[in-house]
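K.L.:
Numbering (this note's numbering), first residue to last: 32 to 151.
Ideal Cβ placement from N, Cα and C applies to all residues, glycine included.
On a predicted model such as this, the values are computed, not experimentally measured, just so you know.
Take this structure, written in C-alpha coordinates, and hold onto it; I'll ask about it next.
Structure representation (C-alpha coordinates):
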(Lines of atoms letter the chains of each structure in order from A and count residues from 1; the text may use other names and numbers.)
(Lines give C-alpha, C1' and ligand atoms only; values in the text may rest on other atoms or scores of the structure.)
Protein backbone atom coordinates (compact mmCIF):
# COMPACT_ATOMS: atom_id res chain seq x y z
CA UNK A 1 0.00 0.00 0.00
CA UNK A 2 1.18 3.51 -0.84
CA UNK A 3 -0.12 6.74 0.68
CA UNK A 4 0.37 9.93 -1.34
CA UNK A 5 -0.10 13.46 0.03
CA UNK A 6 -0.71 16.23 -2.49
CA UNK A 7 -0.42 19.89 -1.46
CA UNK A 8 -3.79 21.24 -2.58
CA UNK A 9 -5.53 24.55 -3.35
CA UNK A 10 -9.12 23.87 -4.37
CA UNK A 11 -8.80 20.92 -6.76
CA UNK A 12 -5.36 21.92 -8.04
CA UNK A 13 -1.81 21.06 -6.99
CA UNK A 14 -0.60 23.92 -4.78
CA UNK A 15 2.46 25.89 -5.79
CA UNK A 16 3.92 25.89 -2.28
CA UNK A 17 3.96 22.87 0.02
CA UNK A 18 3.86 24.55 3.43
CA UNK A 19 1.44 27.33 2.58
CA UNK A 20 -1.33 25.34 0.90
CA UNK A 21 -4.77 25.28 2.51
CA UNK A 22 -5.08 21.49 2.57
CA UNK A 23 -3.57 18.15 1.66
CA UNK A 24 -5.29 15.48 -0.41
CA UNK A 25 -4.33 12.04 0.88
CA UNK A 26 -4.64 9.14 -1.54
CA UNK A 27 -4.35 5.50 -0.54
CA UNK A 28 -3.13 3.35 -3.42
CA UNK A 29 -3.48 -0.42 -3.57
CA UNK A 30 -2.46 -2.58 -6.51
CA UNK A 31 -1.53 0.56 -8.46
CA UNK A 32 -4.99 2.11 -8.19
CA UNK A 33 -6.46 4.80 -5.94
CA UNK A 34 -8.57 3.04 -3.31
CA UNK A 35 -9.46 6.05 -1.14
CA UNK A 36 -9.09 9.82 -0.92
CA UNK A 37 -9.25 12.07 2.13
CA UNK A 38 -8.75 15.82 2.36
CA UNK A 39 -7.23 17.29 5.52
CA UNK A 40 -6.61 20.91 6.49
CA UNK A 41 -3.03 22.14 6.66
CA UNK A 42 -2.25 21.98 10.40
CA UNK A 43 0.18 24.92 10.14
CA UNK A 44 3.47 25.96 8.59
CA UNK A 45 5.96 25.52 11.41
CA UNK A 46 9.50 24.74 10.25
CA UNK A 47 10.11 20.99 10.33
CA UNK A 48 6.62 20.03 11.53
CA UNK A 49 4.86 18.85 8.35
CA UNK A 50 7.30 16.08 7.33
CA UNK A 51 6.85 14.37 10.71
CA UNK A 52 3.11 14.98 10.74
CA UNK A 53 2.59 13.43 7.31
CA UNK A 54 4.99 10.57 8.12
CA UNK A 55 2.85 9.77 11.17
CA UNK A 56 -0.17 9.54 8.84
CA UNK A 57 1.68 6.86 6.85
CA UNK A 58 2.54 9.02 3.83
CA UNK A 59 5.17 7.52 1.47
CA UNK A 60 5.16 10.22 -1.24
CA UNK A 61 4.46 13.97 -1.45
CA UNK A 62 3.44 15.73 -4.68
CA UNK A 63 3.73 19.53 -4.86
CA UNK A 64 4.49 22.47 -7.12
CA UNK A 65 7.36 23.88 -5.04
CA UNK A 66 8.90 23.07 -1.67
CA UNK A 67 11.79 24.28 0.46
CA UNK A 68 15.09 22.42 0.33
CA UNK A 69 15.02 21.76 4.09
CA UNK A 70 11.57 20.14 3.84
CA UNK A 71 12.85 17.90 1.03
CA UNK A 72 15.74 16.89 3.29
CA UNK A 73 13.42 16.15 6.23
CA UNK A 74 11.14 14.03 4.06
CA UNK A 75 14.18 12.16 2.74
CA UNK A 76 15.28 11.38 6.30
CA UNK A 77 11.89 9.70 6.79
CA UNK A 78 12.10 7.77 3.52
CA UNK A 79 9.33 9.83 1.89
CA UNK A 80 9.67 10.55 -1.82
CA UNK A 81 9.12 14.18 -2.90
CA UNK A 82 7.81 14.96 -6.39
CA UNK A 83 8.10 18.72 -6.99
CA UNK A 84 7.25 20.74 -10.07
CA UNK A 85 3.76 19.23 -10.38
CA UNK A 86 0.79 21.30 -11.54
CA UNK A 87 -2.81 20.93 -12.63
CA UNK A 88 -5.67 18.92 -11.13
CA UNK A 89 -4.72 16.89 -8.05
CA UNK A 90 -6.13 13.55 -9.24
CA UNK A 91 -4.48 13.96 -12.66
CA UNK A 92 -1.11 14.48 -10.94
CA UNK A 93 -1.58 11.34 -8.82
CA UNK A 94 -2.60 9.28 -11.85
CA UNK A 95 0.40 10.62 -13.80
CA UNK A 96 2.67 9.60 -10.90
CA UNK A 97 1.12 6.13 -10.72
CA UNK A 98 1.58 5.62 -14.46
CA UNK A 99 5.23 6.74 -14.28
CA UNK A 100 4.60 9.96 -16.18
CA UNK A 101 5.23 12.42 -13.33
CA UNK A 102 8.85 12.98 -12.36
CA UNK A 103 10.26 15.49 -9.92
CA UNK A 104 11.82 18.59 -11.43
CA UNK A 105 13.60 19.33 -8.15
CA UNK A 106 11.74 22.66 -7.81
CA UNK A 107 12.63 24.17 -4.46
CA UNK A 108 11.90 27.50 -2.83
CA UNK A 109 14.62 29.68 -1.34
CA UNK A 110 12.10 31.63 0.78
CA UNK A 111 13.90 34.89 0.13
CA UNK A 112 11.11 36.23 -2.07
CA UNK A 113 7.93 38.11 -1.17
CA UNK A 114 4.74 36.05 -1.09
CA UNK A 115 6.53 32.98 -2.46
CA UNK A 116 5.83 33.83 -6.09
CA UNK A 117 8.01 31.72 -8.30
CA UNK A 118 8.18 28.77 -5.93
CA UNK A 119 7.86 26.50 -8.92
CA UNK A 120 11.60 26.55 -9.50
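(1) Please state if the CB of residue 136 and the CB of residue 101 are separated by a distance shorter than 8 Å.
(2) From residue 74 to residue 60, what distance separates their C-alpha atoms?
(3) By how many angstroms is the C-alpha of residue 81 removed from the C-alpha of residue 120?
(4) Taking the alpha-carbon positions, what's the residue 115 to residue 66 distance?
(5) Looking only at DSSP bridge pairs, what is residue 119 linked to?
P.N.:
According to the structure shown:
(1) Counted from its first residue, the chain shown places residue 101 at position 70. Counted from its first residue, the chain shown places residue 136 at position 105. Taking 8 Å as the Cβ cut-off, residue 101 and residue 136 do not qualify as a contacting pair.
(2) Walking along the chain shown from the start, residue 74 turns up at place 43. Walking along the chain shown from the start, residue 60 turns up at place 29. Spanning the two alpha carbons is a distance of roughly 29 Å.
(3) On the chain shown, residue 120 is found 89 positions in, with the first residue counted as 1. On the chain shown, residue 81 is found 50 positions in, with the first residue counted as 1. Approximately 20 Å between the Cα atoms of the pair.
(4) Residue mapping note: residue 115 aligns to position 84 of the chain shown, counting from 1. Residue mapping note: residue 66 aligns to position 35 of the chain shown, counting from 1. Approximately 24 Å between the Cα atoms of the pair.
(5) Along the chain shown, read from residue 1 onward, the residue named residue 119 stands at position 88. Paired residue(s): 43.
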